[in-house]
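Asks: Have a look at this one.
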Amino acid sequence: MILNRISKLSGLSIVSVLIGLACLPVAAAPPDPESRFGSIRGRVIWAGTELPRFNDLQPQGRAERDPQICARERAIPNNALIIDPQSKGITNAIAYLGNPQGAFLEIEKALIADAPQVTVDQKNCEFLPRVTAMHQGQELIFTSSDRVIHNIHLSPLKNEGLNQLMAPVGQLRVRLLAERRAIPVQCGLHPWMHASIRVFDHPYFAKTGKDGTFEIARIPPGEQKLIVWHERAGYLTEGKSWGMAVTISPGKVSDVGTIQVAPEAIKKAP
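Adding 6 to a residue's 1-based position in the sequence shown gives its number in the numbering used here.
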């Protein structure tokens with residue numbers, strides 16, 4: 007009898023404890039720090055009905071200089087304008103924010119810590135990649151996979167100019183400050199070699215991929231100015247170098263849709 011009563015009381019106590027626990031407030035999950043930011047997404051595409059055709063800069067085996075290295079195994083293509091035949095996406099356009107508003111110091115530090123160096127190689131007497139986007143806190147390294155002398159010639163506006171010979175399979179380290187325009191790069195020894203470098207003082211820039219898409223992430227909320235630029239087509243967005251207004255909302259993606267490049271917008275390649 008007594009044992010039965012104890013058993014019943016124990017059972018009631020356990021039930022009471024369980025009910026009490028169920029009524030306790032559940033601690034809310036900590037907010038995702040990324041939810042404070044928004045992002046911009048878009049796509050740069052070719053608007054022409056036909057894809058342009060370009061002759062190779064140097065035919066295979068017949069380079070005008072250093073043919074024992076340059077274009078020895080393959081032709082050197084004209085890659086100033088690369089269009090994907092399937093999607094009509096344009097590669098190597100750069101999307102970036104003009105004078106971004108808000109605090110982004112920690113994002114800036116993370117970008118530099120994650121990629122302290124940016125490399126441009128010279129291979130088959132081409133600059134690879136053709137177009138580079140980087141932060142001024144990153145170190146630019148020119149390398150050469152070619153067993154031939156090259157020349158690095160930078161023509162900036164704000165930074166000090168550079169015109170330096172580079173030994174075969176050599177390396178050159180450069181620090182650059184942000185500039186409003188692209189910095190042209192060329193090799194004085196191989197006149198078909200050209201590239202462009204854009205240097206920013208903030209972390210909000212991205213290059214378009216094969217299908218022409220780009221996304222700039224972790225942007226502070228509010229109104230920002232989006233600028234899209236291409237080496238051959240110039241400024242592509244409304245407002246040109248001043249940019250188009252895009253409203254950024256926390257945790258949201260602002261899709262600006264497709265940005266079309268008309269054939270008449272293409273400038274003559276250097």
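The beta-carbon is built from N, C-alpha and C at its ideal position, and this holds for glycine as well.
Could you tell me which whole beta strand (DSSP E) segments of length 3 or greater appear in the region 178-241?
Replies: Within the region 178-241, the complete beta strand (DSSP E) runs of at least 3 residues are 189-192, 200-206, 211-213, 219-225, 228-236.
Asks: Grab the span of the alpha helix (DSSP H) containing Leu111 for me, first residue to last.
Replies: As a working note, residue 111 is residue 105 in the sequence shown. Note, Leu111: alpha helix (DSSP H), 111-120.
Asks: Using the Cβ count rule (16 or more neighbours within 10 Å means buried), how would you classify Pro174?
Replies: Here residue 174 refers to the residue found at position 168 of the sequence shown. With fewer than 16 Cβ atoms within 10 Å of its Cβ, Pro174 is classed as exposed.
Asks: Here's a check: name, in chain order, each residue in its chain whose Cβ is nearer than 6 Å to the Cβ of Cys193, leaving out the five neighbours to either side.
Replies: For the purposes of this step, residue 193 is identified with residue 187 of the sequence shown, where counting begins at 1. Hits under 6 Å: His156, Asn157, Met199.
Asks: Please check the pair Gly48 and Ile265, which I expect to be a contact at CB under 8 Å, by giving their CB distance rounded to whole angstroms.
Replies: Here residue 48 refers to the residue found at position 42 of the sequence shown. Here residue 265 refers to the residue found at position 259 of the sequence shown. Right, their Cβ atoms sit about 6 Å apart.
Asks: Does the separation of the CB atoms of Trp52 and Ile88 fall below 7 Å?
Replies: Residue mapping note: residue 52 aligns to position 46 of the sequence shown, counting from 1. Residue mapping note: residue 88 aligns to position 82 of the sequence shown, counting from 1. Going by C-beta atoms, Trp52 is not nearer than 7 Å to Ile88.
Asks: Heavy atom of the ligand MN less than 6 Å from the Cβ of Trp52, yes or no?
Replies: In terms of ligand content, the structure shown is empty, and the ligand MN therefore cannot be addressed.
Asks: Relative to the alpha-carbon of Tyr241, which residue among Thr253, Ala251, Pro226, Ala271 has its alpha-carbon at the smallest distance?
Replies: In the sequence shown, counting from the first residue as 1, residue 241 sits at position 235. Looking at the Cα atoms, Ala271 is the closest of the given residues.
Asks: Under 7 Å between the Cβ atoms of Ala184 and Gln128?
Replies: Residue 184 sits at position 178 when you count from the first residue of the sequence shown. Residue 128 sits at position 122 when you count from the first residue of the sequence shown. Cβ atoms of Ala184 and Gln128: not closer than 7 Å.
Asks: Looking at Asn98 and Phe60, is the spacing between their C-beta atoms short of 7 Å?
Replies: Taking the first residue of the sequence shown as 1, we reach residue 60 at position 54. Taking the first residue of the sequence shown as 1, we reach residue 98 at position 92. Cβ atoms of Phe60 and Asn98: not closer than 7 Å.
Asks: Just verifying my parser: in three-state terms, what is the DSSP assignment at Ala34?
Replies: Here residue 34 refers to the residue found at position 28 of the sequence shown. Because the pLDDT of Ala34 is 49, which lies under 50, any placement of that residue in the model is unreliable, and the question is left without a value.
Asks: Roughly how many whole angstroms lie between the Cα atoms of Ala77 and Ala201?
Replies: Along the sequence shown, one-based indexing puts residue 77 at 71. Along the sequence shown, one-based indexing puts residue 201 at 195. Roughly 18 Å separates the two Cα atoms.
Asks: What residue ranges within the region 116-178 form continuous beta strand (DSSP E) runs of no fewer than 3 residues, ordered along the chain?
Replies: Runs of the beta strand (DSSP E) inside the region 116-178: 123-129, 132-134, 137-141, 145-150, 156-160, 168-172.
Asks: Sort Val267, Ser260, Leu160 by Cα distance to Phe43 and report the nearest one.
Replies: Locating residue 43 in the sequence shown gives position 37, counting from the first residue. Selected option, being the one with the closest Cα: Ser260.
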